[in-house]
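Numbering follows the working numbering, in which position 156 of the sequence shown is assigned residue number 160; successive positions increment by one, without gaps.
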Amino acid sequence: MYYLSKWLFISLILFAFSGCATSNLSYNNRYVTLQTDKKFVQLDGRLIRVHSEGFGSLYLTQKVLRLAEGNIVVYEDAQTDSLYEFEPGITRSIKVIFDSRRTAIIYAKNHLFAYQLLLQNGRVLNVIAQQDYSQRLRILYGMSSAQLDKILKALDPNARHAYYRNVITLHKADSAILSKWNVQKVHFYPLVSPLPKLGAI
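Here you go:
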């Protein structure tokens, strides 16, 4: 009973804090929506390809979208099984998923992050990621630095500009997916781990 009461108390505290600071990254019916606090941005993204994959403890959906500007972005939604969660640290997860050599944080607010990743081929990739709880991670990547700047400024006038301007932009659907998910990373690196048992809190 003590552990249950303690767990409920911690949950209420976390809920109270999350109610004051919300963020969102989602794709529904042609629109990518990004939100932090009460500000949001919608990107018109026509779905041109979908790929789904299961890793036992994690289910992944990757959607290739064509923006109104003509270039392509990829929206990825990864959700763990109910008995698992992502290992702590969204930045660590992003680094592992893309095999990045270096990871620069451009923006971080209310569980919404923007990164510039130096990939193994020496190119730079713009990534936006959101993780408001430990069992779901959503990612958007492939934007130009001008597009990234525009998104972040609409969400937060004080957001800094992207450091690197010469970045990867995507134009071919069949080669747009750049993340490197695999069983080894999911289970043995690991990206996910079992949820702690209630009595262990």
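Each residue gets a CB set at the ideal place from its N, CA and C atoms; glycine is no exception.
Treat the numbers as computed from the prediction; the structure is a model and nothing was measured.
Worksheet entry | Endpoints, alpha helix (DSSP H) assigned at V100 | Here residue 100 is taken as the residue at index 96 of the sequence shown, counted from 1. Residues 94–102.
Item to complete: Closer than 7 angstroms by C-beta to G60: which residues in its own chain qualify, once you throw out the five before and the five after it? Chain order, please.
Response: For this step, residue 60 is matched to residue 56 along the sequence shown. Closer than 7 angstroms at Cβ, skipping near neighbours: no residue.
Item to complete: For Y111, count neighbouring C-beta atoms within 10 Å of its own C-beta (all shown protein chains included) and say buried if the count is 16 or more, exposed if not.
Response: The residue you call residue 111 lines up with position 107 of the sequence shown. The residue is buried, with at least 16 neighbouring Cβ atoms inside 10 Å.
Fill in: Same chain only: Cβ atoms within 6 angstroms of D81, ignoring 5 sequence neighbours per side
Locating residue 81 in the sequence shown gives position 77, counting from the first residue. For D81, where only same-chain residues beyond five positions count, the Cβ hits under 6 angstroms are T65, R142.
Practice prompt. Give the C-beta separation of S97 and L123 to the nearest angstrom, bearing in mind that I take them to be a contact with Cβ-Cβ under 8 angstroms.
Written response: Against the sequence shown, residue 97 aligns to sequence position 93. Against the sequence shown, residue 123 aligns to sequence position 119. With a Cβ gap of about 16 angstroms, S97 and L123 do not count as contacting.
Worksheet item: By how many angstroms is the C-alpha of P200 removed from the C-alpha of V131?
Response: Reading the sequence shown from its first residue, position 127 is the one you call residue 131. Reading the sequence shown from its first residue, position 196 is the one you call residue 200. Approximately 30 angstroms, taken between the alpha carbons.
Discussion item. 7 angstroms is my cut-off, CB to CB: does V190 come that close to chain D?
Written reply: Absent from the structure: chain D. Only one protein chain is present.
Worksheet item: Nearest to V187 by CA position, among V196, S179, A180, I181, is which residue?
Response: Residue numbering aside, residue 187 sits at position 183 when the sequence shown is read from its first letter. Ranking V196, S179, A180, I181 by Cα distance to V187 puts V196 first.
Discussion item. Going by C-alpha to C-alpha distance, which of D41, L69, G93, H55 sits closest to N32?
Written reply: As a working note, residue 32 is residue 28 in the sequence shown. When each option's Cα is compared against that of N32, the closest is L69.
Discussion item. For V77, which residues in the same chain have their Cβ closer than 7 angstroms to its Cβ, ignoring the five residues on either side in sequence?
Written reply: Looking up residue 77 in the sequence shown gives position 73. G49, L69, L71, L144, Y145, G146, M147, L174.
Worksheet item: Could you give the distance in angstroms between the alpha-carbon of K99 and the alpha-carbon of K43?
Response: Start at 1 with the first residue of the sequence shown, and residue 99 comes out as number 95. Start at 1 with the first residue of the sequence shown, and residue 43 comes out as number 39. The straight-line gap from Cα to Cα measures roughly 27 angstroms.
Practice prompt. Note the first and the last residue of the continuous beta strand (DSSP E) segment covering L129.
Written response: The sequence position of residue 129 within the sequence shown is 125, counting from 1. Segment 128–137, the beta strand (DSSP E) holding L129.
Item to complete: Would you decide whether Y6 is buried or exposed? Buried here means 16 or more other CB atoms lie within 10 Å of its CB.
Response: By one-based count along the sequence shown, residue 6 stands at place 2. At Y6, the pLDDT of 39 sits below 50, so the modelled position is not reliable; the number obtained from the coordinates is stated separately. Y6 comes out exposed.
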